Amino acid sequence: MQWMPADMSAGFFVLLVVASFFTSALTGAFGLGGGLLMLVVMSMALPMATVVPLHGIVQLGSNTSRSIIQRKHIDKALVAWFAIGAVLGVLAGGAVAVSIPDSFLKITLALFIAWSVFGRKSRFEVFSKSLLIGGGFFTSMAGMLVGATGPIVAALLASGQLAKHTLVATHAACMVVQHGLKILVFGGLGFAFGPWALLLVLMVASGFLGTVVGARLLDNLPERYFRTGFKLVMGLACAQLLYSAAQALWRGL
Numbered sequence: 001m002q003w004m005p006a007d008m009s010a011g012f013f014v015l016l017v018v019a020s021f022f023t024s025a026l027t028g029a030f031g032l033g034g035g036l037l038m039l040v041v042m043s044m045a046l047p048m049a050t051v052v053p054l055h056g057i058v059q060l061g062s063n064t065s066r067s068i069i070q071r072k073h074i075d076k077a078l079v080a081w082f083a084i085g086a087v088l089g090v091l092a093g094g095a096v097a098v099s100i101p102d103s104f105l106k107i108t109l110a111l112f113i114a115w116s117v118f119g120r121k122s123r124f125e126v127f128s129k130s131l132l133i134g135g136g137f138f139t140s141m142a143g144m145l146v147g148a149t150g151p152i153v154a155a156l157l158a159s160g161q162l163a164k165h166t167l168v169a170t171h172a173a174c175m176v177v178q179h180g181l182k183i184l185v186f187g188g189l190g191f192a193f194g195p196w197a198l199l200l201v202l203m204v205a206s207g208f209l210g211t212v213v214g215a216r217l218l219d220n221l222p223e224r225y226f227r228t229g230f231k232l233v234m235g236l237a238c239a240q241l242l243y244s245a246a247q248a249l250w251r252g253l
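Per full-length UniProt numbering, residue 1 is the first one in the sequence shown, and the count goes up by one each step.
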């Protein structure tokens, strides 16, 4: 049985395992950022058609461990309504998302994130069901194309007045739902996960260790610094999406 593609260098193999630790620690401390960074690292040497399903497995493991560690802080009602939209979004993703230009989608996501986090607007004390279902639908559909939609899910949850532990835990649970559904779809479409088994196991294991470290940082991080770090990571995510979109548009000229 083939455990790793023969054309992958040992150096890049090790890089991915190490990156999984640090990106999981980043997300564990600030609630997001690690998934997008992991996507960037993986895309350095792998085609996107391979990156998106593999990234889904790694992020499922990382977010599952984060959900378990922070389980007492999860807002289960928010996750349930988000999950309804996520199921519909994944089902619609194959038929609709592929017809949307990648650059347009990334620009739209970046602008929405910027408005949600940095814009002046009313804050929600209670999320509406339609907002959560719509957010689950849109982000899950987009996730079938761009892979890492953690920042936009975090932006959605940040619109409400959630404490830092609740925000991190509920975000992780929502991403478990989203990545789990995505993996089922890719598996049904015939993607071969077998050759990547060893790499995936090691990345999930190192990601768990990173999550433990990130949880310790979160416990000791004052709320004010958490909010500042959260906005910084979100801003970097916006910049990365806009840069990626600009590259795609430039190549199309």
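Cβ coordinates follow ideal geometry from the N, Cα and C atoms, glycine included. None of these values were measured; they are calculated from a predicted model.
Problem set entry | Cβ-based neighbour list, residue 191, same chain, cut-off 7 Å, excluding 5 preceding and 5 following | 53
For this session: Take the Cβ of residue 232 as the centre, count every other Cβ of all protein chains shown within 10 Å, and call the residue buried at 16 or more, exposed below.
Result: exposed
For this session: Would you decide whether residue 250 is buried or exposed? Buried here means 16 or more other CB atoms lie within 10 Å of its CB.
Result: exposed
For this session: Report, in whole angstroms, the separation of the C-beta atoms of residue 173 and residue 140, which I expect to be a contact under 8 Å.
Result: With a Cβ gap of about 14 Å, residue 173 and residue 140 do not count as contacting.
For this session: Taking only the alpha-carbon atoms, compute the straight-line gap between residue 130 and residue 89 and give it to the nearest angstrom.
Result: 14 Å
For this session: Specify whether the region 10-17 and the region 26-36 touch according to this definition: at least 3 beta carbon pairs, one from each stretch, less than 8 Å apart.
Result: no
Exercise. Which word fits residue 60, buried or exposed, when buried means at least 16 other C-beta atoms lie within 10 angstroms of its C-beta?
Worked result: buried
Exercise. Taking buried to mean at least 16 other C-beta atoms within 10 Å of its own C-beta, is residue 247 buried or exposed?
Worked result: exposed
Exercise. Which of helix, strand or coil does DSSP assign to residue 160?
Worked result: strand
Exercise. Is it buried or exposed for residue 175, if we count other Cβ within 10 angstroms and need 16 for buried?
Worked result: buried
Exercise. What first and last residue would you give for the alpha helix (DSSP H) that runs through residue 211?
Worked result: 197-220
Problem set entry | Proximity to residue 135 [Cα-Cα], best of 30, 25, 78 and 163 | 78
Exercise. Can we count residue 103 as close to the ligand SAM, meaning its CB is less than 8 Å from some heavy atom?
Worked result: In terms of ligand content, the structure shown is empty, and the ligand SAM therefore cannot be addressed.
Exercise. Buried or exposed: where does residue 164 fall if 16 or more other Cβ atoms within 10 Å of its Cβ makes it buried?
Worked result: buried
For this session: Measure the alpha-carbon distance for residue 16 versus residue 41 and round it to whole angstroms.
Result: 7 Å
Problem set entry | Between the CA atoms of residue 91 and residue 22 - distance to the nearest angstrom | 32 Å
Exercise. If you draw a straight line from the alpha carbon of residue 170 to that of residue 243, how long is it in whole angstroms?
Worked result: 29 Å
Problem set entry | Residues near residue 185 in its chain [Cβ-Cβ closer than 6 Å; skip 5 each side] | 90
For this session: Using a threshold of 9 Å, state whether the C-beta atoms of residue 228 and residue 28 are closer than that.
Result: no
Problem set entry | Sequence-distant residues of its chain with Cβ nearer than 6 Å to residue 208 (five each side left out) | 65
For this session: Count the other C-beta atoms from every protein chain shown that fall within 10 angstroms of the C-beta of residue 30, then say buried if there are 16 or more, exposed otherwise.
Result: buried
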